[in-house]
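Asks: Protein chains in written order, with the numbering used here: chain A, 1 to 435; chain B, 1 to 435; chain C, 1 to 435.
Provided herewith is a single structure, encoded as structure tokens, for subsequent inquiry.
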Amino acid sequence: MSSAATSAELERAWLEATFDRLWPLARSLTGAGVRETHDVLAETMPLERYEVASGTPAYDWTVPLEWRVNAAYVVGPDGTRVIDYADSNLHLLGYSVAFRGRLSRSELDAHLYSLPARPNAVPYATSYYAPRWGFCLSQRQRDALPEGEYEVVVDTETFPGALTLSDCLLPGTSGREVLLSSYTCHPSLANNELSGPLVAAGLYARLAKWPTRRLGFRFVFAAETIGAIVYLSMRGQHLLERLDAGYVLTCLGDRAALTYKRSRRGDSLADRAAVAALPAFGEVRWHDFSPLGSDERQYCSPGFDLPVGSVMRSMYGTYPEYHTSDDDKAFISFAALQGSIDACEALCLTLEQGGARYRSLAPFGEPQLGSRGLYPDLTVGANNVGAADAIFWVLNFADGDHDLLAVHERSGLPLADLHSAAQRCLAAGLLELVD
Amino acid sequence: MSSAATSAELERAWLEATFDRLWPLARSLTGAGVRETHDVLAETMPLERYEVASGTPAYDWTVPLEWRVNAAYVVGPDGTRVIDYADSNLHLLGYSVAFRGRLSRSELDAHLYSLPARPNAVPYATSYYAPRWGFCLSQRQRDALPEGEYEVVVDTETFPGALTLSDCLLPGTSGREVLLSSYTCHPSLANNELSGPLVAAGLYARLAKWPTRRLGFRFVFAAETIGAIVYLSMRGQHLLERLDAGYVLTCLGDRAALTYKRSRRGDSLADRAAVAALPAFGEVRWHDFSPLGSDERQYCSPGFDLPVGSVMRSMYGTYPEYHTSDDDKAFISFAALQGSIDACEALCLTLEQGGARYRSLAPFGEPQLGSRGLYPDLTVGANNVGAADAIFWVLNFADGDHDLLAVHERSGLPLADLHSAAQRCLAAGLLELVD
Amino acid sequence: MSSAATSAELERAWLEATFDRLWPLARSLTGAGVRETHDVLAETMPLERYEVASGTPAYDWTVPLEWRVNAAYVVGPDGTRVIDYADSNLHLLGYSVAFRGRLSRSELDAHLYSLPARPNAVPYATSYYAPRWGFCLSQRQRDALPEGEYEVVVDTETFPGALTLSDCLLPGTSGREVLLSSYTCHPSLANNELSGPLVAAGLYARLAKWPTRRLGFRFVFAAETIGAIVYLSMRGQHLLERLDAGYVLTCLGDRAALTYKRSRRGDSLADRAAVAALPAFGEVRWHDFSPLGSDERQYCSPGFDLPVGSVMRSMYGTYPEYHTSDDDKAFISFAALQGSIDACEALCLTLEQGGARYRSLAPFGEPQLGSRGLYPDLTVGANNVGAADAIFWVLNFADGDHDLLAVHERSGLPLADLHSAAQRCLAAGLLELVD
């Protein structure tokens, strides 16, 4: 077994073990489940934790009260617990208010959520900003509930607490940054929750091993929407000044082909890098930006308009398992997750190499390559045709305006060859790095 | 019969009755026929009349002398009037100078205009800027004129008078304007004259009934070329400051599909509105701007380059009845005229709604829609996917730069839905109208 | 025989006679063969000669020592000269250092250059910047060389001399210029050397006969690469200020269709003129710019980025005869050379007419054409449709921004018609020439 194989297998085992630890944690917008999730992620990467107090304003929003579930269950007419949050944290409507009482079957029914079209699945449901209580269950189970009196216990509390966010910056030499953002606010959902943080953490481990980094890579974990907005209220100005590109990572664990959703700008460096890097991983489904979806709509809100796209496999909202208990461990594949990390690492490498801009120190005519060992000193017939194409391309477009990805786009030469040519020219004193 | 049907039928009856009144009036560049035409139009809309004195300079031009026809006829060898202006105002060459005399058949022939290729039609002919007299008749009639002596009476006068123009502004709240321009200088021609003023007047009546108007709609009637140039000499600076879009209305009565000719800029708001609005009325024939045609060539002259396109059915110069007596009442259709008013009203509504630009008052991240009743407060599975798409699109692109038509172009959502979403956001204090 | 036929036949005879004189001259980067070549060209055009001393710096380069060949041959074991520079100047590796000695067959072999894949051809080979000596011969001859002792004489010298360049400017009235550049540094090669100077000289003779010239046409002859760089060090600033367009002329004698390689900008006037002018000469093979090839890579280096493309038939490096003794008189066609002159003259005429920008002196509305005799004063039916289209187009786009080529591109009207219309408008005082 080769060492590379070993490394890939170790990574895959780590992904599955971490998934199994994160799966049962009771995540919501706020609370202990979120903190435990961030604790697990912090074992892989040096996350800085932010606890933003309830009531803190963030643009148009206010950090909500924290929500705690002590217990939540329904006891049937025969005295057995027919629904219990302890079995699955999907069973309780997110942010349910406290309630205790005895209800008839039909009174109870007004508080039940199920999916007639998908009768075996428990839906994921929330009511963050309107006071409700409720239980989620499969349509099949709901239909089987007999008439009679039910005892309902929703022992929850909301109280002034905090919203939990984490970030960390894997630093680069240039001061420029790439954002990688995912969310940690859904309970036990595999593709539309855990795939994002798992790919992000795996990607961190990969990037941390690069021998050098021109770019800094900033990883952010926060609740979807409110968390991203609070993060922007803390770091938005910094991102406006520093961000070269970014991606929201979500729904990266299922077995479908990759999906790329462009940034609002449509032709940002993030988007151009996706065009250059992702097709190597199979046919890509391309989507133009829309202000719907995940946190790209916050990063691309008109006050920021950051160059942030989104990388997915099956897009949220488009697959039938979405936001149901069927989005579970069986629905995803750890090989697919690892392929997603491969694709994201390729994106990051494309940004690292392709986002660099160089300026020629000998821009008037071409520099003498032969005397520097960059071109053959003997020409016989057509033997030198193509001998130093990458170098000629890099030097001609080292105008401080074209980035190396633009040289790739115009020349069709592999970015890696252009990067290597640029390094040789840098070493020969023919170029300087602009950023 | 529904009230809407009644209203449409009343409009159609009004169109035909007005056509019948306008048809016999002896229009030319100047004169009583033009004034009578404007009098009729002024019954529908509060036209302001301008009488610009002969000799008044207007850029490279000078307002010509006024032309009056007292009588014009040819008496044949047998003593009967073989051609008479009293029968049709097409029979006399426009701006014919006065003449009285007796001529042989061949001497007369040098002053006759007919169309060999269309032997039953009387051509429309003019000689505005070179002194001539002549008569127009069908080739068939011309061929039948016997040898012998003819008596010719051209009892016309030119004298210092005035060029007649009219305009009116249906005001809007924004100070921005839309120009709707047509001409009133051809004698009895239906499609290539009366269809334009009739559609303009019908459109005025429609727009006047709108409950509110952001845009002002400016209607102009003037002689083609010289009239438009004189109007620009009076209002060109105002139009440069205020005009968002405009259209020359001409040849809108025949039964063919719509034609749209783009403004010189090619992608002006006028052109984008046409792309959005006109296809609902059937396949559209699109033409790029050319500096040939009607008064768009004045509005789009290089000193102005106003955003003015042109709406037609069959384009001038391309149909065989053009500029002949066959362009008569039978050639046009009042249903087609009414359909043209529908299309123009849709264009105006697209400008009214789609030309508006908004600025978000909560541009950093998205505003909290749920608390404002703009988004469902309960999420179960994928039930909210698409619940407020129009609002999200409007808010994200409310950057003071994109107009609502651009949001329609990017999102593919119906403009009416986006407009409605914008109104809800305005009411919620999330947006302000930029213009 | 018509006079035009005579003129074309005289030109073709001149081309062949000049080819025959230039063919045997021993061209290299430097030296007497180059000077003799420029002497011949100077018989056709008033070339200014520049002798730039060895050691002169030019950007990243230094003018090399001059190289002189007194004699170079190899005597075989039987005492006969088996390879002799006197037979063909291709036999000696360019810039070979001096050597005298007796070598075995295998020692000699390390200094022989041949082409196994093209066994009858002698390759063209150089070692400008590394000290070597060597002989070029056909693979067939090389294989036939017997074992035994060989006497080698390479009687060459390098010494402080000069690099030879020539240019001349056929002046125009506007101060704007077009560059036509070719090279004179290869020994006896027909397509990839002499075709360029011959077309340039023939083009000069054509342009010199034009009755007027708005543009100046600058012809440059220099060694490829180092010569162009030295020329830029002398005239680069002037070209930055004055150049509207330029072309590198090379490989214009073979029988293939034309090839056009775009300038670095991709849409420069040079490129637009090629699109307008070249298709009349048959299907054109279009290539985007690449910083490989001939001296376009110097003119389009990032410090200059001049609007310089390249006109060819078969592109250098792509045909099997390239840089071998098979690129000889038989490989080219004097009819093809003359067709290349035709194409280049058409390019120059397109620049001369199409690069002109005009400004209307009556830009507000259209000027009154009829009173100036530019439009018919009698309109009957549709008879004037199209009567003055070119004039209307020229006047409408005489905004000082669109050049006449842009009017051609938008209108589809022949450039010659637009040019003629512009001249009529200039004469009528309606336009002024901007540049």
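Virtual Cβ for every residue (Gly too), placed ideally from N, Cα, C.
Which same chain residues, not among the five before or five after Phe-289 (chain C), have their C-beta less than 7 Å away from its C-beta?
Replies: Excluding sequence neighbours, Phe-289 (chain C) sits near Lys-261, Arg-262, Ser-263, Arg-264, Gly-266, Cys-300.
Asks: Check whether the Cβ atoms of Arg-235 (chain B) and Thr-173 (chain B) sit closer than 8 Å, and answer yes or no.
Replies: No, these two residues do not count as a Cβ contact at 8 Å.
Asks: State the DSSP-derived secondary structure class of Asp-84 (chain C), mapped to helix, strand or coil.
Replies: Correct three-state label for Asp-84 (chain C): strand.
Asks: Can you give me, in chain order, the residues of the segment 123–134 of chain A that have a beta carbon less than 9 Å from any beta carbon in chain B?
Replies: Per Cβ criterion, the list reads Pro-123, Tyr-124, Ala-125, Thr-126, Ser-127, Tyr-128, Tyr-129, Ala-130, Arg-132, Gly-134.
Asks: Since Arg-424 (chain A) contacts Asp-399 (chain A) with CB under 8 Å, what's their CB separation in whole angstroms?
Replies: That pair is no contact at about 19 Å.
Asks: Using a Cβ distance threshold of 8 Å, determine whether the segment 58–69 of chain A contacts the segment 157–169 of chain A, with at least three qualifying pairs required.
Replies: Short answer: they touch.
Asks: By Cβ distance below 7 Å, which residues in the same chain neighbour Met-1 (chain A) in space, the five residues on each side in sequence not counted?
Replies: Only weak support is given to the placement of Met-1 (chain A): the predicted model assigns it a pLDDT of 44, under 50, and the value that follows is read from those uncertain coordinates. Once the five neighbours on either side are set aside, Met-1 (chain A) has no close Cβ partner at all.
Asks: Report, in whole angstroms, the separation of the C-beta atoms of Gly-196 (chain C) and Tyr-183 (chain C), which I expect to be a contact under 8 Å.
Replies: That pair is a contact at about 6 Å.
Asks: Would you kindly check if the distance between the Cβ of Leu-180 (chain B) and the Cβ of Phe-217 (chain B) is under 8 Å?
Replies: Closer than 8 Å, so yes.
Asks: Check the Cβ-Cβ distances between Gly-236 (chain A) and every residue of chain B, and say whether any is below 8 Å.
Replies: For Gly-236 (chain A), the answer is yes, since a Cβ of chain B falls inside 8 Å of its Cβ.
Asks: Quick one: any contact between the segment 386–398 of chain B and the segment 4–23 of chain C, if contact means 3 or more CB pairs under 8 Å?
Replies: The segment 386–398 of chain B, when compared against the segment 4–23 of chain C, does not touch it at the 8 Å Cβ threshold.
Asks: With DSSP collapsed to three states, give me the class of Asp-267 (chain B).
Replies: DSSP places Asp-267 (chain B) in coil when its eight states are reduced to three.
Asks: Where does Tyr-128 (chain A) sit, in a helix, a strand or coil, going by DSSP?
Replies: In this structure, Tyr-128 (chain A) counts as coil in the three-state DSSP scheme.
Asks: Which residue wins for smallest C-alpha separation from Ile-226 (chain C), given the options A:Val-52, A:Pro-57, A:Leu-369?
Replies: Closest option to Ile-226 (chain C), Cα to Cα, is A:Leu-369.
Asks: Residues in the same chain with beta-carbon distance under 7 Å from Leu-418 (chain C), minus the five sequence neighbours each way, listed in chain order, please.
Replies: Result list for Leu-418 (chain C): Ala-390, Trp-393, Val-394, Leu-404, Val-407, His-408, in chain order.
Asks: Between Ser-290 (chain B) and chain C, is the shortest Cβ-Cβ distance under 8 Å, so that the two count as touching?
Replies: Cβ-Cβ to chain C under 8 Å: yes for Ser-290 (chain B).
Asks: Kindly indicate if chain C contains any beta-carbon less than 8 Å away from that of Trp-325 (chain A).
Replies: Per the sequence shown, the amino acid found at residue 325 (chain A) is Ser instead of Trp. No - not a single Cβ of chain C is within 8 Å of the one on Ser-325 (chain A).
Asks: Against chain A, with Cβ distances strictly below 8 Å, would Pro-302 (chain C) count as a contact?
Replies: Chain A contact via Cβ: present.
Asks: Comparing the C-beta of Glu-51 (chain C) with each C-beta of chain B, is any distance below 8 Å?
Replies: Chain B, which has no Cβ nearer than 8 Å to the Cβ of Glu-51 (chain C), makes this no.
Asks: Who does Gly-94 (chain B) pair with in a DSSP beta bridge?
Replies: B:Thr-126, per the DSSP bridge assignment.
Asks: Around the C-beta of Leu-431 (chain B), are 16 or more other C-beta atoms found within 10 angstroms, so that it is buried, or is it exposed?
Replies: Counting Cβ neighbours within 10 Å, Leu-431 (chain B) comes out buried, since at least 16 surround it.
Asks: Any beta carbon of chain A sitting closer than 8 Å to that of Trp-393 (chain C)?
Replies: Cβ-Cβ to chain A under 8 Å: no for Trp-393 (chain C).
Asks: Any C-beta of chain A sitting closer than 8 Å to the C-beta of Gly-255 (chain C)?
Replies: What sits at residue 255 (chain C) in the sequence shown is Arg, not Gly. Output row for Arg-255 (chain C): interface = no.
Asks: Alpha carbons only, please: which of C:Gly-303, C:Thr-259, C:Ser-310 is nearest the one belonging to Ser-268 (chain C)?
Replies: Ranking C:Gly-303, C:Thr-259, C:Ser-310 by Cα distance to Ser-268 (chain C) puts C:Ser-310 first.
Asks: Output the distance between the C-alpha atoms of Tyr-128 (chain B) and Gly-373 (chain C), rounded to the nearest integer angstrom.
Replies: Rounded to the nearest angstrom, the two C-alpha atoms are 14 Å apart.
Asks: So the beta strand (DSSP E) Met-312 (chain B) belongs to, where does it begin and stop?
Replies: That run of the beta strand (DSSP E) goes 308–312.
Asks: Taking its Cβ as the centre, do 16 or more other Cβ atoms sit within 10 Å of His-91 (chain A), making it buried, or is it exposed?
Replies: His-91 (chain A) should be labelled buried.
Asks: In three-state DSSP terms, what is Asp-326 (chain A)?
Replies: Coil at Asp-326 (chain A), not helix or strand.
Asks: Say whether chain B places a C-beta atom closer than 8 Å to the C-beta of Ala-382 (chain C).
Replies: Chain B, which has a Cβ nearer than 8 Å to the Cβ of Ala-382 (chain C), makes this yes.
Asks: Which runs of the beta strand (DSSP E) spanning at least 3 residues fall entirely within the segment 188–230 of chain B, listed in chain order?
Replies: With a minimum length of 3 residues, the continuous beta strand (DSSP E) runs that stay inside the segment 188–230 of chain B are 216–222.
Asks: Can you tell me whether Glu-147 (chain C) is helix, strand or coil according to DSSP?
Replies: Coil, per DSSP.
Asks: Can a CB atom of chain B be found closer than 8 Å to the CB of Ala-270 (chain A)?
Replies: Taking Cβ atoms only, chain B never reaches closer than 8 Å to Ala-270 (chain A), which makes this a no.
Asks: CB-CB under 8 Å to Ala-32 (chain B), same chain, minus the five flanking residues each way: which ones, in chain order?
Replies: So the qualifying residues of the chain are Ala-26, Arg-68.
Asks: Relative to the alpha-carbon of Thr-318 (chain C), which residue among C:Tyr-375, C:Thr-259, C:Phe-281, C:Gly-303 has its alpha-carbon at the smallest distance?
Replies: Closest by alpha carbon: C:Thr-259.
Asks: Taking the CB atoms as reference points, tell me whether Ala-270 (chain A) and Gly-246 (chain A) lie closer together than 8 Å.
Replies: Yes, the Cβ-Cβ distance between Ala-270 (chain A) and Gly-246 (chain A) is below 8 Å.
Asks: Are Leu-189 (chain B) and Tyr-124 (chain B) close, meaning C-beta to C-beta below 8 Å?
Replies: It is a contact, given that the beta carbons lie within the stated cut-off.
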